Each structure stands twice: as structure tokens, then as C-alpha cells.
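J.: Below is a structure I'd like to ask you about.
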Amino acid sequence: MKHWIGALGACGLAAAVLAAPTASNAAVRIYSGYDTSATGPGDKPNSDAARAAFAAEIAGLMSLVNSFESGPTGVVGTYDVGGGATLTSNNPVARPLTIKTSPYCGFYAECGGNTTTGGRNFVFISSVPVTFTFAHPIVAFGAYFSGGEVEGLKLTFDDGTERTAPVPALKGASFVGFTDFGRQITSVTFNPGRDIMALDDVVFAFAPTGVPEPSAWALMIAGFGLTGASLRTRRRLRLS
Ligand SMILES: [Ca+2]
Ligand SMILES: [Ca+2]
Numbered sequence: 013m014k015h016w017i018g019a020l021g022a023c024g025l026a027a028a029v030l031a032a033p034t035a036s037n038a039a040v041r042i043y044s045g046y047d048t049s050a051t052g053p054g055d056k057p058n059s060d061a062a063r064a065a066f067a068a069e070i071a072g073l074m075s076l077v078n079s080f081e082s083g084p085t086g087v088v089g090t091y092d093v094g095g096g097a098t099l100t101s102n103n104p105v106a107r108p109l110t111i112k113t114s115p116y117c118g119f120y121a122e123c124g125g126n127t128t129t130g131g132r133n134f135v136f137i138s139s140v141p142v143t144f145t146f147a148h149p150i151v152a153f154g155a156y157f158s159g160g161e162v163e164g165l166k167l168t169f170d171d172g173t174e175r176t177a178p179v180p181a182l183k184g185a186s187f188v189g190f191t192d193f194g195r196q197i198t199s200v201t202f203n204p205g206r207d208i209m210a211l212d213d214v215v216f217a218f219a220p221t222g223v224p225e226p227s228a229w230a231l232m233i234a235g236f237g238l239t240g241a242s243l244r245t246r247r248r249l250r251l252s
């Protein structure tokens, strides 16, 4: 879901944008956790712990979450992720981008690739890479992946470098995220190899210099604010 907020959240985010990353963070860091026997969105503690650690590191930056619950489903071609970000298939003719709805039990241990508590939708990935393109550069990216049977998850950045997260072959659920505060990242490609998988609950944080001009904030910030509130709520829920 792309979130809408009130004025309070917007104020908090406007302040948060001013917080620059620290020098100690200027390196690639990968966060990953996996749960081989995940049975549903609420049954993936290792993945959730990885996401919590990732969320804590980007807490000072403007960020956005999309759980694919409020957009179109079925074959969608290009998906508007929000914040100037889009998601497309690298082979849109043979394997156009498709949003599926759980339950879909063909390839996922949890009987559906949705990892959103209370949600149903997820990105279906079948043997063709998918690419996120960011009009406003990002410095952090993460998502839940389900049904993976390839050894390691490969993420390619816009400069051609590739990161492989140490996630083993499994059919359960995993979270993979990275921060790279030293670069401006304008695209991230996820290559599933020959696998059929799912992707859901993507989260990314904008580079401070990539944030839109203040004049555009009034239009854009409404989509960002509850993201932070949502992350804080999740953390509170985990602590309780
Ligand atoms: Ca979802
Ligand atoms: Ca699979």
C-alpha cells in the first residue's frame, strides 16, 4: 500500500531529510534473513529481524514502502511504485510484469508470495529479471523474496556492479536489503536466474541529494510520510 498521511508525519519527515548519513555508513552493507518453513506473512522471524535492522539504519532518511496492495493486479507492464520509482520486466513481451494475488500455491511454501500482514498481492517473477528505476536516486533498497531456489539473490546496480546476498536455496521466505550511502543508485535489477519467485514489501530510501526540490514536496511527501510511521509501528509491534 502506498500510504497517505497527515501534517504531523510530513513535518517529521521534512526534518528527517536533513539528517545526512555518517561517514561510518559509507559502504555497502547487506541485510538478509531467511525462513525455510515460512507458512505465511506472520511466520518469518529471521526475515523480519533482517528487515528491522535494515529499517533502523535508514530511519533518518526519507523512504517509501510499497506492498503492492493498492495498485493494479494481473499483467501490469510498468508498475508505479511511487516516489518516481517504477518496476518493469526486462523482457516485457515474453514475460510482462505481473502482480498476483494469494492464495497462489504453485511455487511458494507459504502458499502465496504475499508477505504483507493482512495483504494479498505480490510481484510474480518467472525466469526473467525485473528492474526498479528511480527518478530520484536511492541509497538503500530491500524487499521480501519468496519461493527462491537459487543459491544467493543477485542484485545489479546501475553502474553494473552486482551484489549477491548470502541466502541459500529454499522455498520459504527471505528478506534481502542493502544500504550503499556512498553512491547515487538509479536502478536495481533483481535476477532470479531460472527460478520462479515472488517479491513483496519493497522499501527504499532516497539519497539526501536525490530528494526532490522543496517546491515538489507538497505533492510527494504525502506518499512518504506514513512509511516512516508504518515502520515505527512495526517496530513497536515487534517489541510488544
Ligand atoms: Ca503484499
Ligand atoms: Ca521457486
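Counting from 13, one number per residue, gives the positions in the sequence shown under our numbering.
Using N, Cα and C, we set each Cβ at its ideal position, and we do this for glycine too.
No experiment lies behind these values; they were computed from the predicted model shown.
1. Using only the heavy atoms of ligand 2, determine whether one of them is closer than 7 Å to the beta carbon of Glu163.
2. Does DSSP put Phe66 in a helix, a strand or coil?
3. Nearer than 7 Å: is that true of the beta carbon of Lys112 relative to any heavy atom of ligand 2?
4. Leaving aside the five residues before and after Ser101 along the sequence, list all residues of the same chain whose C-beta is less than 7 Å from its C-beta, in chain order.
5. Quick one: is Arg206 buried, meaning 16 or more other Cβ sit within 10 Å of its Cβ, or exposed?
6. Looking at the unbroken beta strand (DSSP E) that takes in Gly154, where does it start and where does it end?
7. Does the region 159-172 come into contact with the region 194-202, if we say contact requires no fewer than three beta-carbon pairs (one atom in each stretch) closer than 8 Å?
8. In the DSSP assignment, what residue or residues form a beta bridge with Gly45?
9. Measure the beta-carbon distance from Ile208 to Gly159 and round it to whole angstroms, keeping in mind my assumption that it falls under 8 Å.
10. Could you give the C-beta distance for Leu99 and Phe66, rounded to a whole number, given that I count them as a contact under 8 Å?
11. Buried or exposed: Gly204, going by 16 or more other Cβ atoms within 10 Å of its Cβ?
12. For ligand 4, I want to know if Asp212 counts as a neighbour, meaning its beta carbon is within less than 7 Å of at least one of the ligand's heavy atoms.
13. So Ala203 is in the beta strand (DSSP E); what residue range does that whole segment cover?
14. What do you reckon, is the C-beta of Phe134 under 7 Å from a heavy atom of ligand 1?
15. Leaving out five residues on either side along the sequence, give the residues of the same chain with a beta carbon under 7 Å from the beta carbon of Val162.
16. Could you check the C-alpha separation between Gly94 and Thr127 for me, to the nearest Å?
17. With burial defined as no fewer than 16 other Cβ atoms inside 10 Å of the residue's Cβ, what is the status of Ala155: buried or exposed?
T.: According to the structure shown:
1. Residue 163 sits at position 151 when you count from the first residue of the sequence shown. Incorrect: Glu163 has no Cβ contact closer than 7 Å to ligand 2.
2. Here residue 66 refers to the residue found at position 54 when the sequence shown is read from its first residue. If DSSP states are grouped into helix, strand and coil, Phe66 belongs with the helices.
3. Here residue 112 corresponds to residue number 100 of the sequence shown, with the count starting at 1. No, since every heavy atom of ligand 2 falls outside the 7 Å radius drawn around the Cβ of Lys112.
4. Position 89 of the sequence shown, counting from 1, holds the residue named residue 101. Excluding residues within five positions, the ones whose Cβ falls inside 7 Å are Arg107, Pro108, Leu109, Val140 and Val142.
5. Walking along the sequence shown from the start, residue 206 turns up at place 194. Arg206 comes out exposed.
6. Here the question's residue 154 lines up with position 142 in the sequence shown. Run containing Gly154: Val142 to Ser158, per the beta strand (DSSP E) assignment.
7. yes
8. On the sequence shown, position 33 is the one that residue 45 refers to. Answer is Phe187.
9. For the purposes of this step, residue 208 is taken as the residue at position 196 of the sequence shown. For the purposes of this step, residue 159 is taken as the residue at position 147 of the sequence shown. So it is a contact: roughly 6 Å between Cβ atoms.
10. Here residue 99 is taken as the residue at index 87 of the sequence shown, counted from 1. Here residue 66 is taken as the residue at index 54 of the sequence shown, counted from 1. Contact flag wrong, Cβ pair sits at about 19 Å.
11. Translated into the one-based positions of the sequence shown, residue 204 becomes position 192. Checking the sequence shown, residue 204 turns out to be Pro, not Gly. With 16 or more other Cβ atoms from the protein chains shown falling within 10 Å of its own Cβ, Pro204 counts as buried.
12. Ligand 4 is not among the ligands present in this structure, which contains only ligand 1 and ligand 2.
13. Within the sequence shown, numbered from 1, the residue matching residue 203 stands at position 191. Looking at the sequence itself, residue 203 is Asn, so the reference to Ala does not match. It spans Ile197 to Asn203 - the beta strand (DSSP E) in which Asn203 sits, taken as one unbroken run.
14. Against the sequence shown, residue 134 aligns to sequence position 122. At least one heavy atom of ligand 1 is nearer than 7 Å to the Cβ of Phe134, so yes.
15. Counting from one through the sequence shown, the residue named residue 162 turns up at place 150. So the list reads Ala181, Pro204, Gly205 and Asp207, once near-sequence residues are dropped.
16. Translated into the one-based positions of the sequence shown, residue 94 becomes position 82. Translated into the one-based positions of the sequence shown, residue 127 becomes position 115. The alpha-carbon atoms of Gly94 and Thr127 are separated by roughly 19 Å.
17. Mapped onto the sequence shown, residue 155 falls at position 143. Buried, by the Cβ-count rule.
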